[in-house]
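Worksheet: one structure, shown below.
Residue numbers (the working numbering): 55 to 1011.
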């Protein structure tokens, strides 16, 4: 009962007041990132003096706007009238010449009230306008007296009052008492009929080396292993939770609380306060992997296969099976390692349960697993299959039905610890609101979209990685084989091995079925089944390899084995046809990244290869029924070998940006900033001045000749575009050549260089080079030309399409590449192509610096790190906060590689509830050139600098 009261217990709510302009400061345009976009209340006051100053101008003037046209509140003047628009519709138009034109708007839960002078307009039911910024065309003097006050909507910013803390303490004490009572009842020591007593614990000293190998592999994997796709997302949620106390989504869904599945981030949050090093943040998943190994090898298999579980062969088999299922999915900060450990532990407890105490511990494990993620519903799999045993234990030695009911209530009291975790600092209203926002934006897919998960698993990107496919497809191939063999065996012939395989097959099949109920359909959820899959594979292999007496049904069994071998071979071929592709390839250069996997030229994607292996197995062992089992072992072992070999080779193939090397440096005690150590920022310096006006233009136009849909960095004739030439003036079919005037090149330091901005194509028939020279009495002596590297990225919306040449990009030459003694530089360009992209535009040269990303960010903050990148920058401590319905405005954005641009774009996408949706229309973002040191061809991501004002507007109350 106490747990059921918690969601409705009193809490302290927190809210932020936003006042623009801040007290004592002028009214200047400022970004205001509300989440959700509509504040709880909004009050706007515009004095008549501001309206008259706007109306006195000869063009339309925006007096105040809280969003782009058609969104939010827009008050503008045109001629002598002021027009007020809320969203897409105009609600008021009034002359400014009247004596009292002061305009006031108050919007709240009951509607909106507009007061102009002495007149009032009530708009019942009109929602509070959206707010992304406070923007005005007026200068500070003209806007004097204009004010905006907003109260944020923050339904999740709560903390427990004293009464709720008392209820939490009482609930936890009740759970402890219930666990003690269950352990002290007589039934807890009674052997339930039909449940065999476990054998005495065997000595495992002869298999300690297997344990050591698994532990070493998991520990090494924490160093060299890949990222999961949500490492950055979950880490930033946890970081912000450590700063603000609220486990919100941070990037999207209006920062909706992760309730009821926030436990993983809550456990991660204090770790982020110690260090942000990837190796440190991977510690929980590594420890959980080691713990799951001991639960599988001792707990589950010790109960399921007590006669053989402690032998070296079975322990080795279990190691291969667990590693093949764990390594591809469960490294990092996603919740699947917690769920996998919880579900596997629950299975072990129920398998070994002989009394009420075991059921009590099982209830506790289930209760603590449920708040981790939607995948936690997998706890229902072992509970469903072992329900008859649970009922038998509850009834054992119970004299009356009320005794059974009392025991059930005690189990519910223990399991309700999960509700305590969920509602410790949240309310029922917060849970309902968070669920509504999640469902509104999605993904929240119905059960019948489950085939999407397998579509992604068989895709050609990181979701369809070959070694991710192996444990899933091999398990699905063996399930019908085990089921068919069990059906043809008479009950009297079934033994302990058959019963173990049957139970574990049922648990795994039920778990796969339960995944249909999860609201998202990504393959990474298969990681939650790692312990279950490993246990089933071991039991299935032991069952198939167990010698049996010859009998009439052997022909049917042989047919099933042949079919099983074909299924496993097909699963192996389909699995290894996938790429060896992983999230964020900039940090590891693995072989076969584009698939299929062919180590030493072996076509692992060929089912014929695996069928040949099966035939060899049959010839060597003389046992047809063993073929599916031994083939499954070979496939799993190959997957583990490919996986480990790939990531051992990755830092050798490309050390720059290597996550493995960064982790090794961290382990050795060296200071490491991860990927930032290998990212160089190339900010612009002074624009070079022409030494003389001479130059040669043939087909190029000075100050023009570029695509008007992609304007240069600065207006032609200004800034870095002070000198600009392009060949597009007469259309893309025109051709031409450009030789610019010589520009004065000062002496350069080692961390500097020369750059130009280009648009259009610089290769495939076109050419661009920078020629360097030295002055002499007779003129300029050429010293040599250099061709700058031009990284052209694909269109973000057409990742597999052609490169997008229109956007302007900076290219240049480092000081170390410039000929010695050069003090002049000029631009050579050739447009020799006539296709639609056959044109070229270029600016005059300028200086650039070369500095490390960490150094650059130290003086440019706060920083918004896109979620695909956020795990890779442990030295970025000044991230923007999202708290109480308001996000601070970033000065710098670290953007994802173009291939992940649409994914990172959710943070600024209104359609996804992006918390930073105001950043694109009002943030005035511009790219700062960067590169991965030594590998400018790698698209590692981007650095964007905002020139918008970052003014503190908020005050918590």
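From the three backbone atoms N, C-alpha and C, an ideal C-beta is built for every residue, glycine too.
- Contact between residue 982 and residue 966 does not hold, since their C-beta atoms are separated by about 26 Å, which reaches or exceeds 8 Å.
- Between residue 377 and residue 368, the C-beta gap is not smaller than 9 Å, which leaves the two residues out of contact.
- The beta carbon of residue 415 lies closer than 6 Å to those of 403 in the same chain, with the five residues before and after it left out.
- Apart from sequence neighbours up to five positions away, the residues of its chain that approach residue 98 with a beta-carbon distance below 6 Å are 159, 202, ordered along the chain.
- Contact between residue 391 and residue 342 holds, with the beta-carbon distance rounding to 4 Å and staying under 8 Å.
- Around the beta carbon of residue 303, 16 or more other beta carbons sit within 10 angstroms, so the residue counts as buried.
- A direct Cα-to-Cα measurement between residue 857 and residue 895 gives close to 16 Å.
- In the displayed model, residue 119 falls within a strand according to three-state DSSP.
- Around the beta carbon of residue 638, 16 or more other beta carbons lie within 10 angstroms, which makes this residue buried.
- For residue 550, same chain residues with a beta-carbon under 6 Å away, outside a window of 5 residues either side, do not exist.
- For the 9 Å CB-CB criterion, residue 311 and residue 480 form a contact.
- Just measuring C-alpha positions, the residue of 457, 498, 438, 421 sitting nearest residue 473 is 421.
- Straight across, the Cα-Cα distance linking residue 948 with residue 696 is about 33 Å.
- Residue 528 is positioned such that its CB atom lies closer than 9 Å to that of residue 686.
- Taking C-alpha positions only, residue 467 is separated from residue 401 by approximately 20 Å.
- Beta-bridge partners assigned by DSSP to residue 809: 866, 900.
- DSSP places residue 872 outside any beta strand (DSSP E), giving it a letter other than H or E.
- In this structure, the alpha-carbon of residue 753 lies about 19 Å from that of residue 811.
- No Cβ-Cβ contact shorter than 9 Å links residue 863 with residue 885.
- Between residue 917 and residue 930 a beta carbon distance of about 5 Å is seen, short of the 8 Å cut, so the two are scored as contacting.
- Burial state of residue 717 is buried, judged by a 10 Å Cβ sphere holding 16 or more other Cβ atoms.
- Residue pairing of residue 312 in beta bridges, as defined by DSSP: absent, with no partner found.
- Excluding residues up to 5 positions away in sequence, 130, 191 lie with their Cβ nearer than 6 Å to the Cβ of residue 116 in the same chain.
- Of the candidates 953, 902, 88, the residue whose Cα lies closest to the Cα of residue 992 is 953.
- Boundaries of the beta strand (DSSP E) harbouring residue 175: 173 to 178, taken from the DSSP string.
- When DSSP assignments are scanned along the segment 98 to 174, the uninterrupted stretches of beta strand (DSSP E) that are 3 or more residues long and fall wholly within it turn out to be 115 to 119, 127 to 132, 135 to 140, 143 to 149, 157 to 162, 165 to 170.
- From the listed residues 92, 590, 219, 286, the smallest Cα separation to residue 208 is found for 92.
- Residue 837 and residue 797 have their C-alpha atoms some 14 Å from each other.
- The criterion of a C-beta distance shorter than 9 Å is satisfied by residue 532 and residue 621.
- Partner residues in a beta bridge of residue 234, as assigned by DSSP, do not exist.
- In this structure, residue 204 lies away from residue 132, with their beta-carbon atoms at least 9 Å apart.
- By the Cβ test, the segment 336 to 353 is not in contact with the segment 474 to 494, since fewer than three Cβ pairs between them sit closer than 8 Å.
- Spanning the alpha carbons of residue 980 and residue 770 requires a straight line of approximately 17 Å.
- In this model, residue 217 and residue 63 are separated by some 7 Å (Cα to Cα).
- Here residue 833 is bridged, per DSSP, to 830.
- One alpha carbon belongs to residue 805, the other to residue 635, and they sit about 35 Å apart.
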